[in-house]
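First residue of the sequence shown: 1, per the UniProt record's numbering; consecutive thereafter. For glycine and all other residues, C-beta sits at the position ideal for the given N, C-alpha and C. What follows is a set of notes on a single structure, which appears directly below.
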Amino acid sequence: MSSSFPLSTATYISGAFKVTGERVVGKDVTVTLTITNLTCNSKSIKVNITAFSILYTNKEMHQLLNETRTLCLKGKEEKEVPLTIKYEQYEDLLTADNMIEVHAVCSSEKTNEKLVVETNIALENPKFEIQLVGKAIINKSTTVQIIFKNPLNKDLTDIVVIVEGSGLIKEPITIQGGSVEAKDSITIPVTFTPYKEGEKYVLADFTCNKFKNIKGHLQINVQAE
Numbered sequence: 001m002s003s004s005f006p007l008s009t010a011t012y013i014s015g016a017f018k019v020t021g022e023r024v025v026g027k028d029v030t031v032t033l034t035i036t037n038l039t040c041n042s043k044s045i046k047v048n049i050t051a052f053s054i055l056y057t058n059k060e061m062h063q064l065l066n067e068t069r070t071l072c073l074k075g076k077e078e079k080e081v082p083l084t085i086k087y088e089q090y091e092d093l094l095t096a097d098n099m100i101e102v103h104a105v106c107s108s109e110k111t112n113e114k115l116v117v118e119t120n121i122a123l124e125n126p127k128f129e130i131q132l133v134g135k136a137i138i139n140k141s142t143t144v145q146i147i148f149k150n151p152l153n154k155d156l157t158d159i160v161v162i163v164e165g166s167g168l169i170k171e172p173i174t175i176q177g178g179s180v181e182a183k184d185s186i187t188i189p190v191t192f193t194p195y196k197e198g199e200k201y202v203l204a205d206f207t208c209n210k211f212k213n214i215k216g217h218l219q220i221n222v223q224a225e
């Protein structure tokens with residue numbers, strides 16, 4: 001959600017951010033800032049835009065972007081300012097919360113107007129698939145496959161998968177998955193012995209050098225022998 005607030009007594013400009021692209025880790029973040037002149041007189045607006053990776057508490061951690069634009073707006077005119085934060089600019093600077101704050105200070109020296117526009121963008125991790133191989137039968141060896149497609153143009157390393165599930169696995173299973181090449185897929189089999197019948201959930205956590213704690217689950221029906 002975008003918000004704005006004036007920093008001057010009389011402010012006759014308005015602004016808002018809109019996220020125009022995908023909100024997924026690994027993709028470029030594209031945002032549009034819309035600035036509107038609310039008066040009938042022309043204005044020159046200086047726009048300073050910054051972006052930071054932040055914690056869920058909104059604490060700024062790492063600066064990702066800092067640039068300045070100048071807009072000339074006629075009376076009642078509205079203009080859009082496109083903005084792109086490339087993946088390479090944030091890939092090693094995101095916190096575990098996957099959040100980016102974009103902040104714009106819009107000012108006119110001639111009229112002493114100043115407006116702040118800001119928005120917080122929460123990025124989603126890519127997803128993985130969990131597949132049951134065959135059937136799940138109580139007290140029999142059962143296998144699920146963790147399938148992850150690398151969305152990046154670079155290899156992923158240090159893959160770790162943790163799998164657990166009440167009635168399925170008594171202690172969490174940790175598997176070192178190695179690496180997967182750019183744009184390739186990796187399949188990690190996990191074998192366990194269910195000890196309770198009925199509808200159960202396999203819970204999995206996928207972590208690597210670029211993605212942290214991606215969660216997934218699969219409901220399976222554990223049958224009697």
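Report the rounded CA-to-CA distance for residue i versus residue j, giving the unit in angstroms.
i: L93; j: V24; result: 15 Å
i: E101; j: S141; result: 47 Å
i: I173; j: V163; result: 5 Å
i: T68; j: G134; result: 58 Å
i: V47; j: T84; result: 15 Å
i: K79; j: T20; result: 16 Å
i: N37; j: S107; result: 12 Å
i: N153; j: N139; result: 42 Å
i: V202; j: Q145; result: 11 Å
i: I175; j: I188; result: 8 Å
i: I137; j: Q223; result: 5 Å
i: E77; j: L71; result: 11 Å
i: D158; j: S179; result: 6 Å
i: F206; j: T30; result: 27 Å
Mark residue i as exposed unless 16 or more other C-beta atoms lie within 10 angstroms of its C-beta, in which case mark it buried.
i: E113; result: buried
i: residue 248; result: Since the first and last residues shown for the chain are 1 and 225, residue 248 lies out of range.
i: S42; result: exposed
i: G194; result: In the sequence on display, residue 194 carries Pro and not Gly. Classification for P194: buried.
i: K200; result: buried
i: T143; result: exposed
i: M99; result: buried
i: K183; result: exposed
Looking at the structure shown, is residue i part of a helix, part of a strand, or coil, going by DSSP?
i: N209; result: coil
i: T39; result: coil
i: T30; result: strand
i: F192; result: strand
i: G216; result: strand
i: G198; result: strand
Give me the residue from the options with the minimum Cα distance to residue i.
i: A96; options: C208, L218 and E118; result: C208
i: C40; options: F192, I13 and A51; result: I13
i: E60; options: D158, I147 and F52; result: F52
i: V161; options: N139, V116, L168 and I186; result: I186
i: L156; options: S44, Q145 and P126; result: P126
i: F192; options: I220, L168 and G198; result: L168
i: K110; options: I45, T143, I214 and L33; result: I45
i: L218; options: Q176, P189 and G165; result: G165
i: L16; options: E22, S4 and K27; result: Reading the sequence as shown, one finds Ala at residue 16 and not Leu. Ranking E22, S4 and K27 by Cα distance to A16 puts S4 first.
i: V116; options: D184, L64 and L33; result: L33
i: K170; options: K196, I147 and F148; result: K196
Does any heavy atom of the ligand HEM sit closer than 7 Å to the C-beta of residue i?
i: K183; result: The ligand content of the structure shown is nil, which means the ligand HEM is not present either.
With 8 Å as the threshold, decide whether the Cβ of residue i is near any Cβ in chain D.
i: E22; result: Among the chains in the structure shown there is no chain D, since it carries only a single protein chain.
Quick check for students: name the residue ranges of the beta strand (DSSP E) that lie wholly in the region 50-118, counting only runs of 3 or more.
60-73, 78-85 and 99-108
Pick out the complete beta strand (DSSP E) segments inside the region 142-187, 3 residues or longer, and give them in chain order.
142-149, 156-165 and 169-180
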